[in-house]
Amino acid sequence: MIQGAREMRKRIVLSLGLLALLVAGTGWVLTRPEAIDTRFTGAYVLEDGTHVYIAPRDAEALRYRMMNGESGALWPTRSLTFEGGPGWAEREPVVNTFTFTVGDDGRVNGFEWQLAGGERRHARKLNLRERIEMFPSGELSLRGKLVLPEGEGPFAAVVLVHGSEDTSAVDTYFMPYMYAAHGSASLVFDKRGTGKSEGEYLQNFHVLSDDVVAAVRWLRTQDSIDPDRIHLAGFSQGGWIAPLAALKDGRIASILVGYGVTVPVTGEDRWGYVNALERKGFGEEAIAAADRINVVIEDIVDRGIDRWSELDAMLDAARSEPWFEAVRGSDSILGYVTDTKLPLWALRVLRWWRFEAQAGPPFIDRLYDPMDTMRQLDVPSCWLLADRDVSAPTEWTVAALDQLRAEGKPVEYHVFPNTDHGILTFVEDEHGERRMLGHAPDYFERQIAWLEAQSAPDIL
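First residue of the sequence shown? That's 1 in the numbering used here, and the numbers climb one at a time after it.
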């Protein structure tokens, strides 16, 4: 009887797992991204020498960026014409119209920029050589794009280290063109399971750092690259991965990190609801109450401890508390659990499917401590952080970086005032909702200055 019940439970769990896989697969087929048009991607120079970088925003729209941080989204109106409104994501009122020009070879070679006030600006596309190749990482093949500066090498180079996105970096990243326009070659690649790279998408830092090392070692074989002047530039989640890859490789010249953190994923996750509570006026008592539930969630998710019944009871008791609404939907697992309409049994199946059912390495190691890696590194690193980042605990990261500096590690950092994740400036309404404007004015300049300084002969 007991054995029969156990078999029945196993069959139910297996059926639910298969159902989850079917739903996930169907969802992917129905929502998989459209092919991205990369004809307009590149670095352009205006008549006054100002650079403009253009790359796809998504399958439909483009985004332009300038070295002073100005940026805007552009939507197509005709085959070669795009228009957009002010700020980071506004479509109207139209203040920018870009009409691209095509050369005799059929390739985009420039654009005319019509501003709302009547001013017209003309730009030509820089002749930055690029090529797309597959390179090996273990048993997989990953797709990379190498962008070279004008002139002759061998060049210093930057390898881009991804954030958590599951889209093609080769098709969407603008940074390779910005770096190449300032004299450094740049390699960007589709992380495993995205774009045209093989493998399954995951967020396991140990696995992803191996892929970065493979990219670096492939890059060193290229005649146009100086093998001793290769840097890593990691953004957001890349701030965990880049130092780990540098430690494994042993020859990285420097590390540049944008809006990354020096705490485990569990720490960043906690910041999501702590920040939400603080922004809504709650103090230490509410944070401590949320922490007690979060500890149970961490035991379940990260340590596989069966505390589901306890979690159910704690959630029931907390729903009437004033702070509960403040954490719902926050950028954290607690925010997800408190906001989802899924019952706990479904979350249990989801956790099993993500962390136990699949072969190979875990999807993510939320307990990985980046400070262990940083203490083993003597590679110079520069951290560019947002002071009002809702996704990353800048204050905690700065404290850790100060600790590393006190221990003699070659660490620099700069905190940009009034910026959010991505080093984006914003305005905030009376409800705390933010409207993004563009990048901080000196954000890109600091990246270029760091890379140039770390590539100088007297540094190496």
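Ideal placement from N, C-alpha and C gives every residue a C-beta, glycine not left out.
Note that the structure is a prediction, hence the values are computed from the model and not measured.
{"Query": "I'd like to confirm the pairing. Which residues does DSSP put opposite L142 in its beta bridges?", "Result": "F135"}
{"Query": "Does DSSP put D420 in a helix, a strand or coil?", "Result": "strand"}
{"Query": "When you compare only the Cα positions, how much space is there between W28 and V170?", "Result": "Below a pLDDT of 50, predicted positions are generally treated as unreliable, and W28, at 41, falls in that range; the measurement from the model is reported next regardless. The straight-line gap from Cα to Cα measures roughly 20 Å."}
{"Query": "Report the three-state DSSP secondary structure of Q114 (helix, strand or coil).", "Result": "strand"}
{"Query": "Less than 8 Å separating the beta-carbons of Y173 and L187?", "Result": "no"}
{"Query": "According to DSSP, R435 sits in a beta bridge with which residue or residues?", "Result": "V427"}
{"Query": "From which residue to which residue does the beta strand (DSSP E) around A123 run?", "Result": "R120 to K125"}
{"Query": "Please report the residue range of the alpha helix (DSSP H) in which P176 lies.", "Result": "M175 to A181"}
{"Query": "Keeping to the same chain, check which residues put their C-beta closer than 6 Å to that of R129; ignore five residues upstream and five downstream.", "Result": "L148"}
{"Query": "Determine the contact status of G267 and P393, defining contact as a CB-CB distance below 8 Å.", "Result": "yes"}
{"Query": "Do you know how far the Cα of T101 is from the Cα of D48?", "Result": "19 Å"}
{"Query": "Name the residue from P76, R39 and Y443 whose alpha carbon lies nearest to the alpha carbon of D105.", "Result": "R39"}
{"Query": "In chain order, what residues of the same chain have a beta carbon less than 8 Å from the beta carbon of H231, not counting five sequence neighbours either side?", "Result": "A156, A157, V158, V159, S184, I252, A253, S254, I255, L256, L451, Q454 and S455"}
{"Query": "Look at the alpha carbon of E113 and the alpha carbon of E325, and state the distance between them as a whole number of angstroms.", "Result": "The sequence given here places Trp at residue 113; Glu does not occur at that position. The alpha-carbon atoms of W113 and E325 are separated by roughly 46 Å."}
{"Query": "Would you call the region 380-387 in contact with the region 352-363, where contact means no fewer than 3 C-beta pairs closer than 8 Å?", "Result": "no"}
{"Query": "Taking the CB atoms as reference points, tell me whether H421 and Y259 lie closer together than 8 Å.", "Result": "yes"}
{"Query": "Would the region 366-384 count as touching the region 236-243 if we require 3 or more Cβ pairs under 8 Å?", "Result": "yes"}
{"Query": "Cα separation between A290 and R57?", "Result": "36 Å"}
{"Query": "What first and last residue would you give for the alpha helix (DSSP H) that runs through D269?", "Result": "V265 to R279"}
{"Query": "Using 8 Å as the threshold, is the C-beta distance between S209 and H439 below it?", "Result": "no"}
{"Query": "Between W88, R120, G335 and E92, which has its C-alpha nearest T99's C-alpha?", "Result": "R120"}
{"Query": "Does the distance from the C-beta atom of W323 to that of A346 stay below 8 Å?", "Result": "no"}
{"Query": "I need the boundaries of the alpha helix (DSSP H) containing D211, first residue and last residue.", "Result": "F205 to L219"}
{"Query": "Suppose the cutoff is 8 Å on Cβ atoms and the five residues either side in sequence are ignored; what does the same chain contact list for R292 look like?", "Result": "M314"}
{"Query": "For the putative contact between P154 and D226, defined by C-beta atoms under 8 Å, what is the C-beta separation to the nearest angstrom?", "Result": "4 Å"}
{"Query": "Do F205 and D365 have their CB atoms nearer than 8 Å?", "Result": "yes"}
{"Query": "Please identify the residue among S224, Y53 and R348 whose C-alpha is closest to the C-alpha of R307.", "Result": "R348"}
{"Query": "Does the Cβ of H182 have 16 or more other Cβ atoms within 10 Å, making it buried, or fewer, making it exposed?", "Result": "buried"}
{"Query": "In the DSSP assignment, find the beta strand (DSSP E) that holds V158 and state where it starts and stops.", "Result": "F155 to V161"}
{"Query": "Kindly identify the DSSP beta-bridge partner or partners of L62.", "Result": "P56 and L74"}
{"Query": "Where does D442 sit, in a helix, a strand or coil, going by DSSP?", "Result": "coil"}
{"Query": "Buried or exposed: where does H162 fall if 16 or more other Cβ atoms within 10 Å of its Cβ makes it buried?", "Result": "buried"}
{"Query": "Tell me, to the nearest whole angstrom, how far the beta carbon of L334 is from that of I297; I am working on the premise that it is less than 8 Å.", "Result": "6 Å"}
{"Query": "Quick one: using the 10 Å Cβ neighbour count with 16 as the cut-off for buried, is A406 buried or exposed?", "Result": "exposed"}
{"Query": "I'd like the span of the alpha helix (DSSP H) that includes L244, first residue to last.", "Result": "G238 to D249"}
{"Query": "Just list the residues that DSSP pairs E83 with in beta bridges.", "Result": "W75 and T97"}
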